[in-house]
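Notes for the one structure printed next.
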Amino acid sequence: MGDLAFEKWEGLGNDFIVVEHQPSIDEIRRLCDRRRGVGADGVLVVEREADRAPRMIVFNADGSRPEMCGNGLRCVAAYLVSPATSRPLIVQTDAGERKCTVDRGTDEAEVVVDMGSVRFEAEVTGEIDGRPARFTSANIGNPHAVTFEPFEASAYERVGSALERSIPGGINVEFVRAQPGLFDVVVWERGVGFTQACGTGACAVAAVACRLDRARYGDPLRVRLPGGELSIEVERGPTPDVTGRILMRGPARRAFVGSWRG
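To get this note's numbering, take the position in the sequence shown, counting from 1, and add 1324.
Here you go:
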């Protein structure tokens, strides 16, 4: 493979290498290596075809392929829009088409994404500090396990890594501390570990909060992650087991442009 042109983007510290030619799995791992490569949480491959909406393919740093990435989607949407431009666009993903609205400056953008709906699934049982803990399972194109139960920070990695492996294909885990109108979240992301932010995780947390009557459907909810804050709005769905559409609003920033020699 010759030199690979790329742009480095991040959304709330969740950082990605954006390319238009798909590297091999080994190259993805080397690209994401923070000591010997460019360094990133994942690689976002953008495919363009005439008369079709552009497509985003997501790879985690370990080479695995999740179905969806909310922070990555905001970055790709901003990447596809020319600087100093505001416009809507459609991006295809493995979880379906997503409508985005981008307000881009030069390197920074504000992006609103219609993330579709969350489907609630069977509860997942874990253990926190030696006691059983309930996790609500929520799927927004990729799976999440969300808990509002009290926990110690020392339990994050142990519980997150154990739950990640508890279902085939893995699951993302969100630990939540709730305040009125504000949810502080720590995310353990499958294939990555701790991340600064997770867009789909923030949507899952907001949806579960509404389901458990910790928040109201239709209200903008603040979800605060280690890397910053997202605004999430959850519409009520046709049945208790599925939400209406979920709107995610947050930033995307181009950090730099480069070429990788491999």
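Each residue gets a CB set at the ideal place from its N, CA and C atoms; glycine is no exception.
Please read these numbers as outputs of a predicted model, since none were measured by experiment.
Once you ignore the five residues that flank Gly1568 on each side, which residues in its own chain have a CB closer than 7 Å to its CB? Correct list, in chain order: Ser1441, Glu1559, Arg1560, Gly1561.
C-alpha gap between Gly1396 and Ala1539, whole angstroms: Rounded to whole angstroms, Gly1396 to Ala1539 spans 26 Å at the Cα level.
Where Arg1585 and Ile1349 are concerned, what is the direct C-alpha to C-alpha distance, given to the nearest angstrom? Near 16 Å, if we compare the C-alpha coordinates of Ile1349 and Arg1585.
Would you give the residue range spanned by the beta strand (DSSP E) that Asn1496 belongs to? Boundaries of the beta strand (DSSP E) around Asn1496: 1496-1503.
For Glu1391 and Asn1466, which I take to be in contact (beta-carbon distance under 8 Å), what is that distance rounded to the nearest angstrom? At roughly 5 Å, the Cβ-Cβ gap stays under 8 Å, so Glu1391 and Asn1466 are in contact.
Just to confirm, is the Cβ distance from Thr1324 to Arg1422 under 7 Å? Past the edges of the chain, shown from 1325 to 1586, lies residue 1324, and the structure says nothing about it.
Got a sec? Which residues, its chain only, sit under 8 Å from Phe1459 by beta carbon, not counting five neighbours each side? Excluding residues within five positions, the ones whose Cβ falls inside 8 Å are Glu1447, Val1448, Thr1449, Gly1450, Ala1469, Val1470, Thr1471, Leu1487, Val1497.
Could you tell me which residues DSSP pairs with Arg1573 in its beta bridges? Per DSSP, the beta-bridge partners of Arg1573 are Val1436, Ser1555.
Can you check which of these residues, Ile1491, Glu1434, Ala1329, is closest to Ser1461 by C-alpha distance? When each option's Cα is compared against that of Ser1461, the closest is Ile1491.
Below 7 Å between beta carbons: does that hold for Pro1575 and Glu1434? Taking 7 Å as the Cβ cut-off, Pro1575 and Glu1434 qualify as a contacting pair.
Let me know the secondary structure DSSP gives Ser1461 once reduced to three states. Assignment of Ser1461 by DSSP, reduced to helix, strand and coil, places it in the strand class.
Where does Thr1519 sit, in a helix, a strand or coil, going by DSSP? Reduced to three states, the DSSP call for Thr1519 is strand.
Close Cβ partners of Gly1515 (< 6 Å) along its chain, the five nearest in sequence each way excluded: If you ignore the 5 residues before and after Gly1515, its C-beta comes within less than 6 Å of the C-beta of Asn1384, Asp1386, Ser1388, all in its own chain and listed in chain order.
Close-in-space but distant-in-sequence residues of the same chain around Thr1524 (CB under 8 Å, 5 per side omitted): Here the set comprises Met1392, Cys1393, Gly1394, Met1439, Ile1464, Gly1465, Asn1466, His1468, Asn1496.
Decide if the stretch 1346-1362 is in contact with the stretch 1470-1484; the criterion is three or more beta carbon pairs, one per stretch, under 8 Å apart. In this structure the stretch 1346-1362 does not touch the stretch 1470-1484; the number of beta carbon pairs closer than 8 Å is below three.
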